[in-house]
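Numbering (our numbering), first residue to last: 38 to 271.
All residues carry an ideal CB built from backbone N, CA and C; glycine is no exception.
Small disclaimer: the values here were computed from a predicted structure and weren't measured.
Below is one structure, written out as structure tokens; comments come after it.
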């Protein structure tokens, strides 16, 4: 299916430069060709040749085939495209992703195809932001240190949640184990600087431990390495 979509897209892009006709295809025909053992786009060419042959030599015979019979054949082929085992597994593993799949399927039946794609993408984006806005944080106390191990990136969606967790700490040293932090954006940098200065006014300190070089570089960009209120430890 992916190969067919790429081929159709490239053919339409090239054809538009030479005033060519738009090309289109059917996933049902692609599925039938795949089940028959086809391995290349030439299956579509042979399919067109057979259709042309029947249209010329057997039009009188084809006209006697009931339309409901042809419709049933198409529905049977479409039913073979449904991964029922995958749907059941998706329902067990992730209700959110199952909802996205069901929404996209329903939108495809009721709306235009491009609108259905937009609906599926927006639903996926909503659940992704909802999940990443509250990254997994493990917190424990070691003497006068409050240690927070953050499992995920610090970006605009997660900054408020992490700031709330930092404001609940009571230790003299607030240590963020940054080993699992791969990315930090401007809002995350600004939030950590604000929290470091707030803790500094209380006689406390914010420490980033095991931070990646890219994360340290981003934190230094805001005020420079000399004025950065955050301490770094290996």
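Exposed unless 16 or more other CB atoms sit within 10 angstroms - verdict on residue 250:
By the 10 Å Cβ count, residue 250 comes out exposed.
Would you mind sorting residue 25 into buried or exposed? The rule is 16 or more other CB atoms within 10 Å of its CB.
This structure gives no information on residue 25, because the portion of the chain shown stretches from 38 to 271.
Using the three-state DSSP reduction, which class does residue 179 fall into: helix, strand or coil?
strand
What three-state label does DSSP hand residue 76 in the structure shown?
coil
According to DSSP, residues forming a beta bridge with residue 210:
182, 242
Just how far apart, CA to CA, sit residue 243 and residue 214?
If you draw a straight line from the Cα of residue 243 to the Cα of residue 214, it is about 11 Å long.
Secondary structure of residue 119, DSSP reduced to three states
coil
Below 8 Å on the Cβ atoms is my contact criterion, and I expect residue 220 with residue 190 to pass it. Report the Cβ-Cβ distance as a whole number of Å.
4 Å
Considering residue 164, what are the terminal residues of the alpha helix (DSSP H) in which it resides?
Segment 150-169, the alpha helix (DSSP H) holding residue 164.
Taking the beta carbon of residue 228 as the centre, do at least 16 other beta carbons fall within 10 Å, making it buried, or is it exposed?
buried
Beta-ladder partner(s) of residue 191, from DSSP:
When DSSP reads this structure, residue 191 sits in a beta bridge with 221.
Could you tell me the alpha carbon to alpha carbon distance between residue 73 and residue 40, rounded to whole angstroms?
17 Å
What are the boundary residues of the beta strand (DSSP E) that includes residue 269?
268-270
Might you give, ordered along the chain, the residues of its own chain that have their beta carbon closer than 6 Å to the beta carbon of residue 185, omitting 5 neighbours on each side?
174, 176, 213
Can you name, in chain order, every residue of its own chain whose Cβ lies under 7 Å from the Cβ of residue 208, other than the five neighbours on each side?
Once the five neighbours on either side are set aside, the close Cβ partners of residue 208 are 178, 181, 182, 183.
Euclidean distance between Cα positions of residue 125 and residue 131:
10 Å
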